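**Q**
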Amino acid sequence: MPAAARTSAAAGRSDESGLQRARSRLYLPFLLPALLLYIVLFVVPSLASVGFSLMKWGGLGSDMSWNGLGNYVRLFTNPAFGTSFLNTLLLTIVGGLIVFGVAFLSMVVLREMRGRAFIRAVVFVPYILSPIAIGAAIGFLLNPDGAINLILRTIGLDSLALAWLSPDLVFKVIIIGFIWSTTGFYVALMMSGVDSISPSLYEAAKLSGASRLQQFRYVTFPLTRDILATAAVLWVINGIKVFEIVIAFTGTAGTPPLQARTVAVQQYLSVTGGRDGVPDLGYASAIGVVMFVLCSVLVVLVRRILRTESIEQ
Amino acid sequence: MRKSKRLVSLVGAFGVAIVAAGSLAGCGTQVTGNTGSDADTLTYWSGWSEGEPQQVLFQSIIDDFEEESGVEVDVRWLGRDYVSVVNNANAVGKGPDLFDDATDHIAEFRSKDAIGDVSGVLDMTIPGEDQKVSDVLSASVIDASSDADGLGLIPYSLITTSVWFDSAAHPEWETAPPATFDDFLAVASDLKADGEVPIAQDGTINFYNAYWFYWLMMRHGGPGSLAGLAESADNWDSPAVLAAAEDVQRLADADLFQPSFMGTKYPAAQNDWAQGKAAFALNGSWLASEVAPNQKDGFAPTTFQFPQVADGFDSVEAGTLGWSINAKAKNADSAAEFLAFALQKKYMEGISSEALNIPSRSDIPAPDFLVAAQEAVVNATVINKTYDEAPALYAAWWSDSLLPLDDKLLSGEITAQQFVEQGKAATVAYLATK
Numbered sequence: 001m002p003a004a005a006r007t008s009a010a011a012g013r014s015d016e017s018g019l020q021r022a023r024s025r026l027y028l029p030f031l032l033p034a035l036l037l038y039i040v041l042f043v044v045p046s047l048a049s050v051g052f053s054l055m056k057w058g059g060l061g062s063d064m065s066w067n068g069l070g071n072y073v074r075l076f077t078n079p080a081f082g083t084s085f086l087n088t089l090l091l092t093i094v095g096g097l098i099v100f101g102v103a104f105l106s107m108v109v110l111r112e113m114r115g116r117a118f119i120r121a122v123v124f125v126p127y128i129l130s131p132i133a134i135g136a137a138i139g140f141l142l143n144p145d146g147a148i149n150l151i152l153r154t155i156g157l158d159s160l161a162l163a164w165l166s167p168d169l170v171f172k173v174i175i176i177g178f179i180w181s182t183t184g185f186y187v188a189l190m191m192s193g194v195d196s197i198s199p200s201l202y203e204a205a206k207l208s209g210a211s212r213l214q215q216f217r218y219v220t221f222p223l224t225r226d227i228l229a230t231a232a233v234l235w236v237i238n239g240i241k242v243f244e245i246v247i248a249f250t251g252t253a254g255t256p257p258l259q260a261r262t263v264a265v266q267q268y269l270s271v272t273g274g275r276d277g278v279p280d281l282g283y284a285s286a287i288g289v290v291m292f293v294l295c296s297v298l299v300v301l302v303r304r305i306l307r308t309e310s311i312e313q
Numbered sequence: 001m002r003k004s005k006r007l008v009s010l011v012g013a014f015g016v017a018i019v020a021a022g023s024l025a026g027c028g029t030q031v032t033g034n035t036g037s038d039a040d041t042l043t044y045w046s047g048w049s050e051g052e053p054q055q056v057l058f059q060s061i062i063d064d065f066e067e068e069s070g071v072e073v074d075v076r077w078l079g080r081d082y083v084s085v086v087n088n089a090n091a092v093g094k095g096p097d098l099f100d101d102a103t104d105h106i107a108e109f110r111s112k113d114a115i116g117d118v119s120g121v122l123d124m125t126i127p128g129e130d131q132k133v134s135d136v137l138s139a140s141v142i143d144a145s146s147d148a149d150g151l152g153l154i155p156y157s158l159i160t161t162s163v164w165f166d167s168a169a170h171p172e173w174e175t176a177p178p179a180t181f182d183d184f185l186a187v188a189s190d191l192k193a194d195g196e197v198p199i200a201q202d203g204t205i206n207f208y209n210a211y212w213f214y215w216l217m218m219r220h221g222g223p224g225s226l227a228g229l230a231e232s233a234d235n236w237d238s239p240a241v242l243a244a245a246e247d248v249q250r251l252a253d254a255d256l257f258q259p260s261f262m263g264t265k266y267p268a269a270q271n272d273w274a275q276g277k278a279a280f281a282l283n284g285s286w287l288a289s290e291v292a293p294n295q296k297d298g299f300a301p302t303t304f305q306f307p308q309v310a311d312g313f314d315s316v317e318a319g320t321l322g323w324s325i326n327a328k329a330k331n332a333d334s335a336a337e338f339l340a341f342a343l344q345k346k347y348m349e350g351i352s353s354e355a356l357n358i359p360s361r362s363d364i365p366a367p368d369f370l371v372a373a374q375e376a377v378v379n380a381t382v383i384n385k386t387y388d389e390a391p392a393l394y395a396a397w398w399s400d401s402l403l404p405l406d407d408k409l410l411s412g413e414i415t416a417q418q419f420v421e422q423g424k425a426a427t428v429a430y431l432a433t434k
């Protein structure tokens with residue numbers, strides 16, 4: 001290598017490393033505010049929450065005492081928590097299968113359909129409705145002498161006119177309500193992925209004689225897998241946090257019946273102490289920790305199942 | 001999930017520092033009963049919201065008090081979430097001098113050492129009247145405002161639970177109500193035979209469903225017997241528990257509620273009752289004012305006490321709404337002075353005429369529909385607190401064990417025997433990890 005070139009290369013390296021050094025010096029001041037906020041507002045409270053889960057504590061103003069794993073033992077030996085845990089899993093898994101089933105169906109059907117924007121808007125509307133409004137409507141619709149039973153009786157289906165809001169039935173109704181209120185969001189999310197697929201791919205598939213299902217199988221599905229993974233993670237997180245729809249269906253005058261409680265509802269009852277009781281924040285924190293672990297496990301599982309190499313169009 | 005966890009954590013993180021700071025500053029309050037204010041400002045936080053009849057009434061008391069005493073009252077109308085707001089503010093040493101309280105919240109405020117000694121107020125003279133506060137409050141009302149540590153609040157209003165009916169439709173029950181539970185079941189069964197709905201029950205409110213077992217426990221086992229079920233699993237072996245559960249089962253088997261009552265969303269059933277579509281409703285003293293906008297013409301609600309059982313107990317439920325003075329109040333004497341001032345007849349009459357509730361003062365008649373309930377409470381020799389205080393003292397047991405089992409018993413899903421067996425087992429599990 002000629003001397004001049006060597007010098008130039010050395011100078012280049014030196015410039016590059018100088019720039020890199022300057023850049024790396026800049027990372028810290030740019031990163032620090034966000035990092036500090038994240039640590040103060042999320043990491044510290046989360047760790048504190050784990051700490052509180054090992055305590056017996058009635059909330060601000062009351063004494064805190066060490067309880068070891070007592071709150072966790074109480075959780076896992078309490079049939080009420082067991083029921084709420086199973087309910088949450090049931091809602092997340094069964095509800096998820098149905099919601100994504102509908103989302104896939106809409107990806108096949110809605111893509112080329114006339115008026116698809118209108119249909120998407122219609123299925124999205126329940127997502128933006130206030131749970132309070134839903135709760136008020138429930139009474140009119142689902143009471144023993146409400147609109148649903150009135151219609152069923154009018155068309156001669158008396159045997160199907162049930163006590164929809166009774167403790168044994170209300171959770172099934174809540175699952176249906178949750179699916180109804182959230183499907184639109186996931187349809188919109190998945191369809192945004194479909195919209196970004198180049199039409200030429202579908203034209204090519206059609207020219208090759210691919211049916212609609214085959215187009216979905218070989219074009220739509222592989223190219224929307226990343227969005228599906230994101231949507232599934234969102235679903236899991238939202239499913240485990242389900243709270244307000246349960247309250248909308250069961251009302252706030254009493255407490256939700258055991259058969260309809262989710263983990264978040266059970267946590268709410270501990271945080272507030274039910275109607276008149278003293279809050280039980282150590283126990284509520286233990287529920288929070290279990291929810292976090294459950295959520296993490298399910299999210300990792302979902303990510304693993306849907307993991308794939310990114311496909312470029 | 002994260003949101004609520006973070007909230008708990010945040011509150012808690014600050015709480016540790018606050019608890020430490022609070023314990024250094026803590027000092028007891030003693031109302032001396034000395035009138036003549038030692039401070040110019042009294043802070044008062046209320047559980048009523050702007051516009052509610054009680055708020056309007058209390059504001060007028062505050063206005064008059066400010067004018068006559070020269071003490072400025074700094075009031076905040078917090079609404080129903082006041083308990084946590086007061087507790088959180090107390091924890092950081094910024095709590096009010098005076099705050100709203102109720103029989104069923106005394107336990108929580110006590111657990112935070114928030115309640116100061118208000119017994120001194122009883123000896124104070126009511127301005128403009130030649131009598132002390134203790135002269136106008138009956139022993140049962142004082143009892144209902146107290147816990148094991150003594151008087152917790154100065155009451156302005158009474159609440160109780162009784163059997164409601166329309167005296168226009170059934171004047172005979174006004175003079176001769178069903179005396180025993182057997183009589184009650186017989187009357188209700190006769191109504192059913194005539195094609196009427198005997199009892200309206202908003203079955204989706206588990207607290208309301210629990211009224212039946214609670215009352216039958218009070219009758220068979222007496223005050224303390226229901227809360228006692230959470231204290232020792234052996235208490236479930238008492239014959240009174242099975243007897244009470246069997247009476248609930250008889251009620252369920254007789255099918256006396258409206259069809260599909262367990263699926264009735266509140267307030268549909270109580271509104272139906274006010275429309276005359278059902279004869280009885282077992283509910284609190286607030287029921288008549290709640291259903292007032294929906295009642296049929298000529299509807300004349302009134303109450304009788306829960307019927308007796310053979311060789312049973314005869315207590316009357318009594319709860320109160322009132323004011324507590326903060327244990328850390330800076331102006332405890334001004335607060336006490338305000339309470340004696342507020343209990344004047346001219347103000348407390350508003351509890352009856354404007355708020356349509358039972359006033360705490362025995363010498364002020366309740367609204368017509370609550371006169372029977374007021375007489376029962378004021379003249380009671382033995383009282384019991386609402387739900388025997390079980391939800392306040394043993395919240396997790398109440399919510400996770402008793403209410404779900406009670407729903408099953410009342411809906412006929414399980415027998416009295418199964419209820420007792422499962423209740424005992426659930427209590428063993430509860431006590432093991434309490």
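Read top to bottom, the protein sequences are chains A and B.
Going by our numbering, the first sequence opens with residue 1, and the numbers climb by one from there.
Going by our numbering, the second sequence opens with residue 1, and the numbers climb by one from there.
Idealized CB from N, CA, C, for every residue including glycine.
Just so it is clear, the structure is predicted and the values come from calculations on it, not from any experiment.
State the start and end residues of the unbroken beta strand (DSSP E) segment that holds Thr303/B.
**A** 301-304
**Q** Can you list the residues of chain B that Phe158/A reaches, using a CB-CB cut of under 8 Å?
**A** A small fix is needed here, since residue 158/A is Asp in this sequence, not Phe. Chain B residues near Asp158/A: none, gap ~12 Å exceeds 8 Å.
**Q** With distances taken from CA atoms, which of Thr41/B, Gly412/B, Phe99/B is nearest Leu153/B?
**A** Leu153/B has its Cα closest to that of Phe99/B, out of Thr41/B, Gly412/B, Phe99/B.
**Q** Where do the ends of the alpha helix (DSSP H) carrying Lys330/B lie?
**A** No alpha helix (DSSP H) holds Lys330/B; DSSP gives it neither H nor E.
**Q** Just to confirm, are Gln308/B and Ala392/B a CB contact at a threshold of 8 Å?
**A** no
**Q** Who are the near neighbours of Asn34/B in its chain, counting only those whose CB is closer than 6 Å to its CB and skipping five residues on each side?
**A** Note that Asn34/B scores 47 on pLDDT, short of 50, meaning its location in the model is unreliable; the coordinates nonetheless yield the value given after this. So the list reads Asp333, once near-sequence residues are dropped.
**Q** For Phe257/B and chain A, any beta-carbon pair shorter than 8 Å?
**A** no
**Q** In the DSSP assignment, the alpha helix (DSSP H) including Tyr44/B goes from what residue to what residue?
**A** Premise fails: Tyr44/B lies in the beta strand (DSSP E), 41-46, not in any alpha helix (DSSP H).
**Q** Look at the alpha carbon of Leu160/A and the alpha carbon of Thr303/B, and state the distance between them as a whole number of angstroms.
**A** 38 Å
**Q** Taking the DSSP output, what are the residues bridged to Ser146/B?
**A** Leu151/B
**Q** Does any residue of chain A have a CB that is nearer than 8 Å to the CB of Ser134/B?
**A** no
**Q** Assuming Ser399/B and Leu356/B make a contact with CB atoms under 8 Å, what is their CB distance in whole Å?
**A** Contact doesn't hold; Cβ gap of about 30 Å is too wide.
**Q** Report all residues from its chain with a CB closer than 7 Å to the CB of Lys94/B; omit the five preceding and five following residues, and keep chain order.
**A** none
**Q** What residues in its chain sit with their C-beta under 8 Å from that of Ala107/B, if we drop five residues either side in the sequence?
**A** Cβ contact annotation for Ala107/B (same chain, cutoff 8 Å, sequence separation greater than five): Asp147, Glu389, Ala392, Leu393, in chain order.
**Q** Could you tell me whether any Cβ in chain A is nearer than 8 Å to the Cβ of Lys328/B?
**A** no
**Q** Is Arg114/A buried or exposed, if buried means 16 or more other CB atoms sit within 10 Å of its CB?
**A** exposed
**Q** Would you please verify whether the beta carbon of Leu318/A is less than 8 Å from any beta carbon of chain B?
**A** Residue numbering for chain A in the displayed model covers 1 to 313; residue 318/A lies beyond these limits and cannot be assessed.
**Q** How many whole angstroms separate the CB atoms of Ile227/A and Leu189/A, which I take to be in contact at a CB cut-off of 8 Å?
**A** 6 Å
**Q** Comparing the C-beta of Ala163/A with each C-beta of chain B, is any distance below 8 Å?
**A** yes
**Q** Taking only three categories from DSSP, how would you classify Trp164/A?
**A** coil
**Q** Decide if the region 168-184 of chain B is in contact with the region 356-367 of chain B; the criterion is three or more beta carbon pairs, one per stretch, under 8 Å apart.
**A** Counting Cβ pairs under 8 Å, fewer than three are found: no touch.
**Q** Is there a C-beta anywhere in chain B that falls below 8 Å from the one on Pro257/A?
**A** yes
**Q** Between the region 334-344 of chain B and the region 254-268 of chain B, can you find at least three pairs of beta-carbon atoms closer than 8 Å?
**A** no
**Q** Output, in chain order, the set of chain A residues within a Cβ distance shorter than 8 Å of His105/B.
**A** Asp276
**Q** What does Pro144/A touch in chain B if you count any residue whose Cβ is under 7 Å from its own?
**A** Pro259, Ser260, Gly263, Thr264
**Q** Spatial neighbours of Gln374/B within its chain, please: C-beta separation below 6 Å, excluding the five flanking residues on both sides.
**A** Counting only Cβ-Cβ distances below 6 Å, and skipping sequence neighbours, we find Ile358, Ala366.
**Q** Residues in the same chain with beta-carbon distance under 8 Å from Asn90/B, minus the five sequence neighbours each way, listed in chain order, please.
**A** Gly22, Lys112, Ala114, Asn326, Lys328
**Q** In chain A, what lies closer than 9 Å to Gly437/B by C-beta?
**A** Any property of residue 437/B remains undetermined from this structure, which presents chain B solely from 1 to 434.
**Q** Tell me whether the beta-carbon of Asn87/B lies closer than 8 Å to the beta-carbon of Leu60/A.
**A** With respect to Leu60/A, Asn87/B sits close: the two C-beta atoms are nearer than 8 Å.
**Q** For a contact defined as C-beta to C-beta under 7 Å, what are the partners of Asn283/B on chain A?
**A** Those within 7 Å of Asn283/B in chain A number zero; the least Cβ separation is about 12 Å.
**Q** Which value, in whole angstroms, describes the spacing of the CA atoms of Leu137/B and Gly312/B?
**A** It is roughly 28 Å from the alpha-carbon of Leu137/B to the alpha-carbon of Gly312/B.
**Q** What in chain A is Cβ-close to Pro391/B, meaning under 7 Å?
**A** Gly274, Arg275, Asp276, Gly277
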